[in-house]
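Chains Y and E supply the protein sequences, listed in that same order.
According to the numbering used here, the stretch in the first sequence is residues 562 to 816, in order.
According to the numbering used here, the stretch in the second sequence is residues 4 to 423, in order.
In this text, a Cβ means the ideal position worked out from N, Cα and C, and glycines have one as well.
Predicted, not measured: the structure shown is a model, and the values here were computed from it.
Before any comments, here is the structure.
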Amino acid sequence: MSTYALSLSGLNKSFGPAQIINDVNLDIEKGERHAIIGPNGAGKSTLFNLISGLYTPTSGSVKLHGEEISGVPPHIINQKGLSRSFQVSNIFTNMTVRENVRCGVLNAMGQGYAWWRNIGSNKAVQERTFEILERCGLVDKAPLPASLLPYADQRALEIAITIAGGADVVLLDEPTAGMSHSETDRAVQLIRTATEGKTLIIVEHDMGVIFDLADRISVLVYGEIIATDTPQNIRGNEKVREAYLGDEALPEEVV
Amino acid sequence: MSDQSTYQRLAPSRGQKFTQRTLPFIILAAILLAIPMTGPSRTFYTIAHQMGINVVFALSYNMILGKGGLLSFGHAVYFGLGGYLAVHAMGWIEDEVGIWGSIPVFFLPVVGFVGGALAGALIGWPSTRKAGTTFAMISLGVAELIFAAAFMFDSFFGGEQGISGDRMNGIELFGLSMGPIAEVYWFIAFWMFVGILGMWAFTRTPLGKLSEATRDNAQRVQFIGYNPQRVRYMVFIFAGGFAGLAGGMAAVNYEIFTPDALSLIPSGLVLIMAYVGGITYFVGPIFGAILLTYMQSMLSDFTEAWLLYLGVLFIAIVMYAPRGIAGIVFGFIDGIRGSESGIYIKHWALNLLGILLMLIGLIILVEVSVRWSNGYGDIYEPFGMHLSHTNPLTWFLFLVASVAGIALSLFVKKQKEATA
């Protein structure tokens, strides 16, 4: 099974008596764009936290390129090539936009914890930082403190930091939450180009974004995956319709 | 534009680099070289040396507080342990123990650095696992522990008398016998410059930047592939090392170290220095160290209530100028350069006047109260005035100055809100 970029099997997570993730099995191919949808409180973010190492699973396994990563500290998982973004902007607020992205670049550029090198004199780091900034449309905002960015730009920076390290499996947690239509379009474009050739797992509420981006969709309800299929088939799935009734708009009504 | 110039567009230009990075160090070096030419007095040297030591100490503290986000109540431990090791090394140089005979006293701050860094490596291992309140509490506990231990391990700490040495031994370097105070000046100036340069350079390294990132958001640091605990630990070792460097400078300057040097009092003082100076700026602690050292040595000659003024200053900075003196200075420079500099200067001047009036009120209250409370019949007589507590003029002046000062400050605040 080592061919899968990411493979979850029998994954469980409970906080005390509350079972948040219940026997999740999911295999994601290399280069696949996989979306996870589901009502609020279904456990989407918890699932991301389990994959990225923020939480340790109660039982079950998470394999990254066939290698077991459950229980491994987040920074090691990141070094193995899995990167994630957060639902709430999780950036380095008192540093400039450029410094934010540069921090994300450091590890991939082999800078380690170096204290004997000048950060400004490494050309590869500067070039890569610029490239990421340009891709995310943040070049003009580079010298600003991250805390002063408008919301949409903070979201873009969130994505920029996530992809800066060049991880080949990227997890995006509601990247377009709270964005306007034009901002969402820009973000989708950004996600598409930035994750070119990479494995993408995305949690979203915006069905337009999902059906636009995803190769396959998994529907998570009360910690269980009730369906995993192509967007077309998900649309016609009875169980999915049921789960969504009265909660959010039906997928087909949006598209 | 070529590929190279595109990314270089974001980097500061050569001119900016010079004015922002090289020039300040040239100015610092020039000041340090110029000071002895003015033929300073012994008192001046004494205070200047203390300032030099405190500048390095306060900057080392800000490596963890301002840049690392770690509030420590026990930073003097590393200053003290580094200093103690340096004093012992001074003794080994005197006795020509082993290779010590061939090491000049001039290099003792390096010994201090090693001592402080080792102490940091040892104590930081458990304490930097957590940030925030846990770290602060552990630092407090460690400070108390080491201070208590200082009276138990006499051979290293020397009990209440401490350990003393003699700096005029061993090899002379740069023709400095290290005897006269004017020669010690070069020693202090050199190591202060090295300390400032070293700590500034540290902020420009990957680890220095990661330290800031960990301060801002330790969780996110994990998801860019770094272990925040390791970042904190490494930064802590460096901060301990530079505190030890300052300790080594102090060892040579005073030729004695007592357990008081690693007690909570200097730990608290260095916190106040860094905070009053401004922890968000690299230069902040330098301002703070200079001001507080000056207050400590000069103000205590003028008034016995100087600690009270220090406390008021600290509270005022925390409440009204959280970016410290450096924040006030740089804010002022930005303000007079801004588009509405006229209004800015007017507000600033009125504010200053208001603060001065409040200060006059405070001084009258404090000085009269202190003398009244002491009951020696001593009377506060500024500018030939006779301000006893029975004199109605005293209380009239106090009330007028305080009320006018507060009213003026409130007025400026309203004006600012109206224009904003």
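In chain Y, which residues lie with their C-beta within 9 Å of the C-beta of residue i?
i, result
"E/Asn220", "Asn651, Ile652, Phe653, Thr654"
"E/Thr25", "Result: empty, since nearest Cβ-Cβ is about 13 Å, beyond 9 Å."
"E/Leu13", "Arg659, Gln687, Thr690, Phe691, Leu694, Val700, Ala703, Pro704"
"E/Val234", "Tyr674"
"E/Pro129", "Within chain Y, no residue comes near E/Pro129; the closest Cβ sits about 18 Å away, beyond 9 Å."
Please return the same chain residues whose Cβ sits closer than 7 Å to the Cβ of residue i, not counting the five positions on each side in sequence.
i, result
"E/Ser142", "Ser75, Phe76, Gly77, Ser130"
"Y/Asp831", "Summary: the structure shown does not reach residue 831 of chain Y, with chain Y confined to residues 562 through 816, and so no result is reported for it."
"E/Met298", "Trp309, Leu313"
Along chain E, which residues have their Cβ under 7 Å away from the Cβ of residue i?
i, result
"Y/Cys697", "Going along chain E, no residue has its Cβ under 7 Å from Y/Cys697, so there is no contact; the nearest lies around 14 Å."
"Y/Arg777", "Correct list: empty, because the minimum Cβ distance to chain E is about 25 Å."
"Y/Arg645", "Phe226"
Could you tell me the alpha carbon to alpha carbon distance between residue i and residue j, rounded to whole angstroms?
i, j, result
"E/Lys419", "E/His350", "8 Å"
"E/Leu125", "E/Val80", "12 Å"
"E/Gly345", "E/Asp337", "13 Å"
"Y/His742", "Y/Met768", "13 Å"
"Y/Leu611", "E/Leu73", "29 Å"
"E/Val403", "E/Val332", "29 Å"
"E/Leu413", "E/Tyr347", "16 Å"
"E/Val187", "E/Gly168", "15 Å"
"E/Glu97", "E/Gln164", "20 Å"
"E/Ala139", "E/Gly357", "36 Å"
"E/Ser303", "E/Trp309", "6 Å"
"E/Gly271", "E/Gly228", "35 Å"
"Y/Phe772", "Y/Glu803", "19 Å"
"Y/Arg678", "E/Leu360", "50 Å"
"Y/Thr607", "Y/Ile582", "8 Å"
"E/Leu35", "E/Leu200", "14 Å"
"E/Arg374", "E/Ser405", "20 Å"
"E/Thr398", "E/Ile367", "The sequence shown places Trp at residue 398 of chain E, not Thr. Spanning the two alpha carbons is a distance of roughly 8 Å."
"E/Gly115", "E/Ile30", "27 Å"
"E/Asp263", "Y/Pro634", "42 Å"
State the DSSP-derived secondary structure class of residue i, mapped to helix, strand or coil.
i, result
"E/Ser344", "helix"
"Y/Leu611", "helix"
"E/Gly162", "helix"
"Y/Ala579", "strand"
"E/Phe260", "strand"
"Y/Thr760", "strand"
"Y/Tyr565", "coil"
"E/Tyr236", "helix"
"E/Ser180", "coil"
"Y/Ile598", "strand"
"Y/Gln687", "helix"
"Y/Glu735", "coil"
"Y/Asp588", "strand"
"Y/Glu785", "strand"
"E/Met4", "Any reading at E/Met4 must be qualified, since the residue scores a pLDDT of 40, below 50, and its modelled position is unreliable; no value is offered."
"Y/Val816", "Reliability of the predicted coordinates at Y/Val816 is poor, the pLDDT of 42 falling under 50, and the value obtained from them is presented with this limitation in mind. Correct three-state label for Y/Val816: coil."
"Y/Leu625", "strand"
"Y/Val749", "helix"
Could you work out which residues of chain E lie near residue i, taking near to mean beta carbons separated by less than 8 Å?
i, result
"Y/Arg663", "Lys212"
"Y/Glu593", "Going along chain E, no residue has its Cβ under 8 Å from Y/Glu593, so there is no contact; the nearest lies around 21 Å."
"Y/Ser613", "Phe226"
Just to confirm my understanding: we take residue i, look at its own chain, exclude 5 residues before and 5 after, and list those with CB closer than 8 Å. What are they?
i, result
"Y/Gly621", "Leu569, Ser570, Gly571, Leu572, Asn573, Asp584, Val585, Ser631"
"E/Gln23", "Pro15"
"E/Ile191", "Ala51, His52, Gly55, Ile56, Met252, Asn256"
Looking only at its chain, what residues have a beta carbon closer than 6 Å to the beta carbon of residue i, apart from the 5 residues adjacent to it on each side?
i, result
"E/Gly71", "Ser214, Arg218, Val238"
"E/Ile382", "Ser391"
"E/Gly287", "Gly280, Gly281, Gly327, Ala329"
"E/Met290", "In the sequence on display, residue 290 of chain E carries Phe and not Met. Excluding positions up to five away in sequence, the list reads Gly280, Ile328, Ala329."
"E/Thr208", "none"
"Y/Thr723", "Ser644, Ser646"
"E/Pro231", "Thr217, Ala221, Val224"
"Y/Lys759", "Asp729, Val731"
By the criterion of Cβ-Cβ separation under 7 Å, what are the contact partners of residue i in chain Y?
i, result
"E/Gly228", "His636, Asn639, Gln640, Asn668, Gly726"
Would you say residue i reaches chain A, if we count a Cβ-Cβ gap shorter than 7 Å as a contact?
i, result
"Y/Ile680", "Of the chains in the structure shown, none is chain A; the protein chains are Y and E."
Mind listing the chain E neighbours of residue i? Cutoff is C-beta to C-beta under 9 Å, in chain order.
i, result
"Y/Tyr805", "Ordered by position in chain E, no residue passes the 9 Å Cβ test against Y/Tyr805, which lies about 31 Å from the chain."
"Y/Arg716", "What Y/Arg716 touches in chain E: nothing, since even the nearest Cβ is about 14 Å away."
"Y/Ile722", "Arg223, Phe226, Ile227"
Can you name the residues of chain Y whose CB is closer than 8 Å to the CB of residue i?
i, result
"E/Glu215", "Phe653, Asn655, Met656, Glu660"
"E/Thr208", "Ala675, Trp676, Trp677, Arg678, Asn679, Ile680"
Cβ contact check for the stretch 712–727 of chain Y and the stretch 736–744 of chain Y: 3 or more pairs under 8 Å: yes
Stretch pair the stretch 700–708 of chain Y + the stretch 650–659 of chain Y: three plus CB contacts closer than 8 Å: yes
Segment contact flag, the stretch 780–794 of chain Y with the stretch 597–608 of chain Y, C-beta cutoff 8 Å, min 3 pairs: Touching, per the Cβ criterion.
The stretch 688–697 of chain Y in contact with the stretch 640–655 of chain Y per 3-pair CB rule at 8 Å: no
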